[in-house]
Amino acid sequence: MGVLALVALAVFVLWRGSSTVFYVVMSLFLALAMEPAVSRLSRWMPRAAATATVMLALLLGIAAFLGAFGSLLVDQLTSLVQATPDIATNVLDRVNEATGSSYTFEELLRSSGLSPSDLSGYAQNVAFGVFGLVTAVLGAAFGLFIVAFFLFYMSAGMPALRRWLATRMPPRLQVPFLTAWDLAKVKVGNYIAARVVLATLSALASGVAFFLLDLPYWLPLALWTGLVAQFIPNVGTYVSIALPVLVGLTSPEPVLGLWVLLYGIGYQQVENLTIEPRISARAVNVHPAVSFGSALLGAQLFGLPGALMGVPLAATAMAMLEIYQRRHEKAPEVEETVAALVQPRVDPTTDAEPERSAAASGPASDDDPERA
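Count along the sequence shown from 1, add 1350, and you get the number used in the working numbering.
Spelled out as structure tokens, the structure:
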């Protein structure tokens, strides 16, 4: 009964406090990602000061980026939003030109059966959606504050937390637990560092390519390409290049979409063959299928943060298996036995008898005249 009560209590806490559990898990993941920098700085200053320094450096880096590119980024995003009606008009004009028709937006609205009252209702829904978006942004800001709060104390007290958790376990479990902890710290830190490097290279290359192609809104699209391509595992590259291709196709020169697509394919091949293997080999060495499955499972559990956590956690699990799994040598006769068992049986209507049947029946005896 006591065990059932504890299980029921754990299920209730996870159900009702899932958001808090998510904040704690995400903070621990970020603390592990910050650990290499914090541990180096803690050699010359107290660990709390080292944690604050790293978090402040991240904040200043984001502020410097927004200060340097923020106005241009906002201007281009504003222009993109304002140009949306013109983009829709260009798309409709090209459809009319390709099909020989003369559709207008008014005709499309009438043919769809939409009335002015329907449009008014949709406008109200959009207004409620904007209100919901503002509420979601405020909630996200509050969530970031909670994560930052947990992150500071987890990172500052990580050695004490590691020691406290280890002392709550029997001695036979302390070595595996501490091994998993240290492996996770290494894998998570290396994975985030590798993603940041790859995202920076991808954003720089995309920015140069989009600028040379004179692609509209090249800066936000380059940032989108670099971040999405690297921080959404496996499929991020294809998702990230779709938006620049769409902008190019709907621009005054639709051929830009083709050039952007060719650039995306070419850069992906160069990155996969030359850049990423060298960087990822030093970070996490995980099979692509395992990486895709772990990222997919993490995304289903915790969304985008789960997709980021899935790959390094899978790498930690694979490293633990390499350390603690039991290996057995395969005997040479195993393959021969397997091949003999899976050989197709001979049709019994023929005169030939399978070797297995002859071997199983044994040698002929004098008491059996037919077999003799």
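Just so it is clear, CB atoms sit at the ideal spot from N, CA and C, and this is done for glycine as well.
Please read all numbers here as calculations on a predicted model, not as lab measurements.
Quiz item: Considering only residues of the same chain and omitting the five flanking positions on each side of A1549, which have a CB-CB separation below 6 Å?
Solution: G1576, L1577, Q1580
Exercise. List the endpoints of the continuous alpha helix (DSSP H) containing G1507.
Key: Run containing G1507: none; DSSP gives neither H nor E here.
Self-check item: Residue environment, F1379, which counts as buried when at least 16 other CB atoms sit within 10 Å
Solution: buried
Quiz item: Which same chain residues, not among the five before or five after I1437, have their C-beta less than 6 Å away from its C-beta?
Solution: T1600
Quiz prompt | Sequence-distant residues of the same chain with beta carbon closer than 8 Å to Y1629, five excluded per side | solution = A small correction: the amino acid at residue 1629 is Ile; Tyr does not occupy that position in the sequence shown. Same-chain partners within the cutoff: A1544, V1547, L1548.
Quiz item: Excluding the five sequence neighbours on either side, which residues of its own chain have a C-beta within less than 7 Å of the C-beta of T1403, listed in chain order?
Solution: L1391
Quiz prompt | Classification of A1506 by the beta-carbon crowding that lies within 10 angstroms, buried from 16 upward | solution = buried
Quiz item: Okay, do the region 1639–1650 and the region 1525–1536 touch, 3+ Cβ pairs below 8 Å being the bar?
Solution: no
Self-check item: Option nearest V1610 by Cα separation, candidates P1594, V1441, Q1619
Solution: P1594
Practice problem: Taking A1645 and V1661 to be in contact with their CB atoms under 8 Å, please state how far apart those CB atoms are, rounded to whole angstroms. | Solution: 6 Å
Quiz prompt | V1357 (DSSP reduced to helix, strand or coil) | solution = helix
Self-check item: Cα-Cα separation, M1670 to F1500
Solution: 27 Å
Self-check item: C-alpha gap between T1687 and S1389, whole angstroms
Solution: 55 Å
Self-check item: Where S1715 falls: helix, strand or coil (DSSP)
Solution: Residue confidence for S1715 is low, a pLDDT of 49 falling below 50, so the modelled location carries little weight; the figure read from the coordinates is stated next. Of the three classes helix, strand and coil, the one that applies to S1715 here is coil, per DSSP.
Exercise. Could you check the C-alpha separation between L1356 and A1381 for me, to the nearest Å?
Key: 29 Å
Quiz prompt | C-alpha distance - L1511 paired with A1530, whole-angstrom precision | solution = 14 Å
Quiz prompt | Between the CA atoms of L1408 and V1497 - distance to the nearest angstrom | solution = 14 Å
Quiz prompt | For D1564, three-class secondary structure by DSSP | solution = coil
Quiz item: Can you list, in chain order, the stretches of the alpha helix (DSSP H) that have 4 or more residues and sit fully within the region 1550–1604?
Solution: 1568–1581, 1586–1599
Quiz item: Would you report the Cα separation of L1663 and P1604, rounded to the nearest angstrom?
Solution: 43 Å
Quiz item: Cβ of L1563 less than 7 Å from any chain B Cβ?
Solution: Among the protein chains of the structure shown there is no chain B, as only one such chain exists.
Quiz item: From P1570, F1372, V1585, L1410, pick the residue whose C-alpha is nearest to that of G1493; which is it?
Solution: F1372
Quiz item: Is P1627 buried or exposed, if buried means 16 or more other CB atoms sit within 10 Å of its CB?
Solution: exposed
Quiz item: In chain order, what residues of the same chain lie with their CB nearer than 7 Å to the CB of A1490, ignoring the 5 residues before and after it?
Solution: none
Practice problem: Please state whether DSSP places T1454 in a helix, a strand or coil. | Solution: coil
Quiz item: Which of the three DSSP states, helix, strand or coil, is assigned to A1722?
Solution: At A1722 the pLDDT is 39, less than 50, meaning the model places this residue with poor confidence and gives no usable figure here.
Practice problem: Locate the alpha helix (DSSP H) running through G1653, then write down its first and last residues. | Solution: It is not in any alpha helix (DSSP H) - G1653 carries neither H nor E in the DSSP assignment.
Quiz item: Beta carbon of G1614, beta carbon of I1591: below 7 Å?
Solution: yes
Practice problem: Whole angstroms is fine: what's the gap from P1655's alpha carbon to V1353's? | Solution: 32 Å
Self-check item: Neighbourhood of E1672 by C-beta distance below 7 Å, restricted to the same chain and skipping five residues each side
Solution: none
Self-check item: Cα-Cα separation between D1443 and T1666, rounded to whole angstroms
Solution: 54 Å
Quiz item: Along the chain, where does the alpha helix (DSSP H) that runs through T1687 open and close?
Solution: 1683–1692
Exercise. Would you kindly work out how many angstroms separate the C-alpha atoms of Q1619 and P1566, rounded to a whole number?
Key: 25 Å
Quiz item: Does the distance from the C-beta atom of A1383 to that of I1542 stay below 7 Å?
Solution: yes
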